[in-house]
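Protein sequences, first through last, are from chains Z and C.
For the first sequence, position 11 (counting from the first letter as 1) is numbered 11 according to the working numbering, and the numbering increases by one without interruption.
For the second sequence, position 101 (counting from the first letter as 1) is numbered 1101 according to the working numbering, and the numbering increases by one without interruption.
Where is the CB? At the ideal position from N, CA and C, for every residue including glycine.
There are 2 protein chains.
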Amino acid sequence: MARAGLTGERLVRAGAELADEVGFEHVTVSALARRFGVRTASLYSHLENSQGLKTGIALLALEELADRAADALAGRAGRDALEAFANAYRDYAREHPGRYAAARLRLDPDTAAASAGGRHAQMMRAILRGYDLAEPEQTHAVRLLGSVFHGYVSLEAAGGFSHSAPGAQESWAWVLDRLDALLRGRSAG
Amino acid sequence: MARAGLTGERLVRAGAELADEVGFEHVTVSALARRFGVRTASLYSHLENSQGLKTGIALLALEELADRAADALAGRAGRDALEAFANAYRDYAREHPGRYAAARLRLDPDTAAASAGGRHAQMMRAILRGYDLAEPEQTHAVRLLGSVFHGYVSLEAAGGFSHSAPGAQESWAWVLDRLDALLRGRSAG
DNA sequence: GTCTCTTGCCTAATAGGCGTAGCTTCCTGC
DNA sequence: GCAGGAAGCTACGCCTATTAGGCAAGAGAC
Chain Z
1 MARAGLTGER LVRAGAELAD EVGFEHVTVS ALARRFGVRT ASLYSHLENS QGLKTGIALL
61 ALEELADRAA DALAGRAGRD ALEAFANAYR DYAREHPGRY AAARLRLDPD TAAASAGGRH
121 AQMMRAILRG YDLAEPEQTH AVRLLGSVFH GYVSLEAAGG FSHSAPGAQE SWAWVLDRLD
181 ALLRGRSAG
Chain C
1001 MARAGLTGER LVRAGAELAD EVGFEHVTVS ALARRFGVRT ASLYSHLENS QGLKTGIALL
1061 ALEELADRAA DALAGRAGRD ALEAFANAYR DYAREHPGRY AAARLRLDPD TAAASAGGRH
1121 AQMMRAILRG YDLAEPEQTH AVRLLGSVFH GYVSLEAAGG FSHSAPGAQE SWAWVLDRLD
1181 ALLRGRSAG
């Protein structure tokens, strides 16, 4: 019988594609097996279990998102960096809704510590170096940025902004502008 | 046989309690039936299906949350209103994590239109009357508030703020303060 | 070119969730 | 005291998750 060439890596990668197509909550071991033309049970040599698959997709997404954000940040500072970073987030979520949802999966502390999650926080702090914030304000600001980015992106993904004017893009630009002003400590504009 | 006294209403209510106890994603028709000491199939006289149960819980949560927010808002304006509203959101999410998660369920357009979702938007606009924002800024601001509240609350619920100083409460106060300044059009403070 | 051994995918089987069909039994109105 | 409907039941079919054990394809030794 022709072998399908399954590996943990390939399964996670295919799982991520599946997530983008059908939604992260519909990623199942069975669906993944179907995609490879293989029996469900066959995946268990390469996967701990269903949860492990989901965790793998989450880790992949966190890594990809961190890579994109890092690229976007390269050579930028201040408002420029803020916007590039924010857009990296939003674009990733729009292009890869399933992966983005996966990235929000609650990980156990050890897994989380070994994930790219830390890079995300580091990058936000790097952006904030362009503004003048000492601790504990800097931590507060990291949390604010995380909240706004995640909140906006997930409300947009849920369709919250799609049935009213103005468009989601305009509000996004306004939000980033106001956020920049807020961090600079001024706001009239 | 002793009747359990099932009704759609009671099932949804019990489903909401179950959600708070075990998490919204673990609410199942079977678990609900067990809770009533009844066979799974018996619930289908009162429930369309599993999705209908979840939708019911979502609608209940939206309603409850709107009621709380309305209470919090009564007699307040400006910054006071902003903080009361924000705290109503956060407190509800902390007391009822399962219900809060349910409230984020994506509803089909008709259901969404008939839900308390509109009240939420109306209340945000009411708060913004205390600030000086014309359209389209007002809509942008509604989206910003929604993003920050939802984003902060969901990151906090995911444990994102629990393993570092300062505490989530302090950041929350800072965020509300900055948000108020941002909306007022000033920010040094 | 054959032997054998590992590995990769298979079948079989259990357990649990969702949902439908059709049955029984209790309660109510008359 | 009976007819009819509502409430919950049994039985079933299908889907997903997961474990255990089997067999054959391909790799390396000779």
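Could one say the Cβ of residue i lies closer than 9 Å to chain Z's Cβ atoms, at least one of them?
| i | result |
| --- | --- |
| residue 1171 of chain C | yes |
| residue 1152 of chain C | yes |
| residue 1182 of chain C | yes |
| residue 1188 of chain C | With a pLDDT of only 44 at residue 1188 of chain C, under the threshold of 50, the placement of this residue in the model should not be trusted, and no figure is reported. |
| residue 1097 of chain C | no |
Specify the secondary structure class of residue i as computed by DSSP and reduced to three states.
| i | result |
| --- | --- |
| residue 1027 of chain C | coil |
| residue 37 of chain Z | coil |
| residue 182 of chain Z | helix |
| residue 85 of chain Z | helix |
| residue 1009 of chain C | helix |
| residue 1110 of chain C | helix |
| residue 1046 of chain C | coil |
| residue 1222 of chain C | There is simply no residue 1222 of chain C to check, as chain C begins at 1001 and stops at 1189 in what is shown. |
| residue 1140 of chain C | helix |
| residue 177 of chain Z | helix |
| residue 94 of chain Z | helix |
| residue 1131 of chain C | coil |
| residue 1103 of chain C | helix |
| residue 1167 of chain C | coil |
| residue 1116 of chain C | coil |
| residue 125 of chain Z | helix |
| residue 75 of chain Z | coil |
Cβ of residue i less than 9 Å from any chain C Cβ?
| i | result |
| --- | --- |
| residue 24 of chain Z | no |
| residue 85 of chain Z | no |
| residue 143 of chain Z | yes |
| residue 163 of chain Z | yes |
Show which residues of chain Z have a CB atom less than 7 Å away from the CB atom of residue i.
| i | result |
| --- | --- |
| residue 1036 of chain C | None at all; the shortest Cβ gap to chain Z is about 26 Å. |
| residue 1076 of chain C | Within 7 Å Cβ-Cβ: nothing; residue 1076 of chain C doesn't reach chain Z, min ~23 Å. |
Residue i touches chain Z at which residues, Cβ-Cβ below 9 Å?
| i | result |
| --- | --- |
| residue 1090 of chain C | None at all; the shortest Cβ gap to chain Z is about 11 Å. |
| residue 1178 of chain C | 140, 141, 144, 182, 183 |
In chain C, which residues lie less than 7 Å from residue i when you measure between Cβ atoms?
| i | result |
| --- | --- |
| residue 166 of chain Z | 1136, 1139 |
Rounded to whole angstroms, how far is the Cβ of residue i from the Cβ of residue j, which I believe are closer than 8 Å?
| i | j | result |
| --- | --- | --- |
| residue 1102 of chain C | residue 1019 of chain C | 6 Å |
| residue 1068 of chain C | residue 1084 of chain C | Rounded, the Cβ-Cβ distance is 10 Å, inconsistent with contact. |
| residue 98 of chain Z | residue 56 of chain Z | That pair is no contact at about 13 Å. |
| residue 1117 of chain C | residue 1183 of chain C | Actually they do not touch by this definition, with Cβ atoms about 22 Å apart. |
| residue 81 of chain Z | residue 130 of chain Z | 6 Å |
| residue 1180 of chain C | residue 1079 of chain C | 5 Å |
Can you list the residues of chain Z that residue i reaches, using a CB-CB cut of under 8 Å?
| i | result |
| --- | --- |
| residue 1158 of chain C | 104, 106 |
| residue 1175 of chain C | 140, 143, 144, 147 |
Which value, in whole angstroms, describes the spacing of the CA atoms of residue i and residue j?
| i | j | result |
| --- | --- | --- |
| residue 71 of chain Z | residue 46 of chain Z | 32 Å |
| residue 26 of chain Z | residue 1013 of chain C | 26 Å |
| residue 1148 of chain C | residue 1172 of chain C | 10 Å |
| residue 188 of chain Z | residue 152 of chain Z | Because residue 188 of chain Z carries a pLDDT of 44, less than 50, the predicted location of this residue cannot be relied on, and no value is offered for it. |
| residue 77 of chain Z | residue 1141 of chain C | 26 Å |
| residue 42 of chain Z | residue 31 of chain Z | 12 Å |
| residue 1105 of chain C | residue 1058 of chain C | 6 Å |
| residue 1054 of chain C | residue 1107 of chain C | 10 Å |
| residue 1065 of chain C | residue 1176 of chain C | 19 Å |
| residue 52 of chain Z | residue 1139 of chain C | 41 Å |
| residue 1009 of chain C | residue 1060 of chain C | 10 Å |
| residue 6 of chain Z | residue 1161 of chain C | 38 Å |
| residue 1132 of chain C | residue 1120 of chain C | 20 Å |
| residue 1094 of chain C | residue 1037 of chain C | 29 Å |
| residue 1143 of chain C | residue 143 of chain Z | 18 Å |
| residue 174 of chain Z | residue 1137 of chain C | 8 Å |
| residue 92 of chain Z | residue 1122 of chain C | 31 Å |
| residue 156 of chain Z | residue 168 of chain Z | 7 Å |
| residue 73 of chain Z | residue 166 of chain Z | 28 Å |
| residue 1022 of chain C | residue 1164 of chain C | 26 Å |
| residue 1049 of chain C | residue 100 of chain Z | 28 Å |
| residue 1039 of chain C | residue 1154 of chain C | 35 Å |
| residue 128 of chain Z | residue 135 of chain Z | 11 Å |
| residue 254 of chain Z | residue 1146 of chain C | With chain Z covering only 1 through 189, there is no way to say anything about residue 254 of chain Z. |
Counting only Cβ pairs nearer than 8 Å, list the residues of chain C close to residue i.
| i | result |
| --- | --- |
| residue 146 of chain Z | 1151, 1155, 1160 |
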